[in-house]
Structure formats: structure tokens, C-alpha cells
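These notes are about the structure you will find just below.
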Amino acid sequence: MKNRRKYSRILFSTPATLVMNEHTYNCELLDISLNGALVSLPDKLLADKNALAELTFSLPESQVTINMSVEIRHIEPFHLGLHCVHIDIDSITHLKRLVELNLGDDDLLHRELTMLIHTSE
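Each residue of the sequence shown is one higher than the one before, starting from 821 at the first, in my numbering.
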């Protein structure tokens with residue numbers, strides 16, 4: 821099976837929150853990319869595919885918090901696939917650094933950043 825992903829996913833496990841329809845759900849971030857995330861399925865989540873939410877998580881052992889507006893792309897028995905629809909400049913700066921440290925390939929990172937910029941225009 822061919823991998824159709826345009827962005828490299830980084831395995832990154834940390835507690836996160838998903839805010840949707842004035843409800844806050846605790847979940848676990850499982851992996852992250854410049855364009856989305858995979859999180860554990862929160863208990864009692866009432867949501868459909870394409871629903872909008874806010875994903876927030878902190879980088880371990882730091883005061884850095886990353887916030888992104890997301891759209892639910894798929895709902896599985898144990899996890900949610902999220903697509904980033906908006907991210908603030910501070911969050912994308914920290915996320916870029918996180919991906920950079922874990923990817924180990926500057927050329928690939930720059931290609932993905934260029935692709936991200938062009939798809940958002």
C-alpha cells in the first residue's frame with residue numbers, strides 16, 4: 821500500500837485537550853505533522869466527521885503550548901484523525917522546531933513547509 825501522506829508524521833505522545841461545541845475533552849496526542857494530528861478517541865465524544873475543534877497540547881518540560889484549529893477527518897474505534905485548518909504563528913514556530921528535531925532532514929522539512937504555505941494561499 822502506497823503512503824499518500826504529504827507531510828511527515830512524528831510519533832509524539834503527550835496529554836492534549838480537544839474543545840468542541842463548548843465541551844472540553846481530554847485525549848492523548850499520538851502523532852503530529854505540520855498539517856494535522858492523530859489523537860486518542862476522547863471518552864463520550866459527540867462529534868461527526870468534518871466537525872471543527874480546537875486542539876491544545878504542551879511540550880513536555882516546558883511552558884510552550886501549541887494550539888491549532890482542526891477538522892475531524894476520520895473517526896476510528898480508538899483514535900481521531902485531525903486536519904489543521906488554522907494555527908497561530910507562535911504555535912507553528914514551535915511545531916516546526918519539534919518536527920525539525922525529530923525529522924532529522926532539513927531538505928524534507930523545507931519542502932513540507934513550502935507545500936504548507938502554497939496550499940494555504
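Glycine is no exception: its CB is placed at the ideal position from the N, C-alpha and C atoms. Predicted model only: the values in this text are computed from it and were never measured.
Sequence-distant residues of its chain with Cβ nearer than 8 Å to residue i (five each side left out)
i    : result
K864 : Y845
I912 : L854
Exposure of residue i, with buried meaning 16 or more beta-carbon neighbours within 10 Å
i    : result
N855 : buried
F877 : buried
S853 : buried
R917 : exposed
S833 : exposed
A873 : buried
Option in the options with minimal Cα separation from residue i
i    : options                   : result
E891 : S882, L875, L879 and S828 : L875
I907 : T885, N922, P862 and L831 : T885
A871 : E881, S889 and S882       : S889
D910 : A857, D851 and N887       : N887
C847 : P897, R829 and S860       : S860
E896 : A867, I830 and L831       : A867
L831 : N841, H843 and L850       : L850
8 Å contact criterion, which residue i and residue j should meet: CB distance rounded
i    : j    : result
K869 : H903 : The Cβ separation is near 11 Å, so there is no contact.
L838 : H899 : Actually they do not touch by this definition, with Cβ atoms about 12 Å apart.
H843 : L879 : Not really, about 25 Å apart at Cβ, beyond 8 Å.
S828 : V919 : 7 Å
N-terminal and C-terminal residue of the alpha helix (DSSP H) that residue i is part of
i    : result
E920 : I909 to L923
Opening and closing residue of the beta strand (DSSP E) in which residue i lies
i    : result
V859 : G856 to S860
P835 : I830 to M840
N870 : Counting along the chain, N870 falls outside any beta strand (DSSP E), and DSSP gives it neither H nor E.
L850 : H843 to S853
Cut-off 6 Å between Cβ atoms - residues of its own chain near residue i, not counting five sequence neighbours on either side
i    : result
N922 : I830
Contacts around residue i, its chain only, beta-carbon distance under 7 Å, and the 5 residues preceding and following it disregarded
i    : result
Q883 : none
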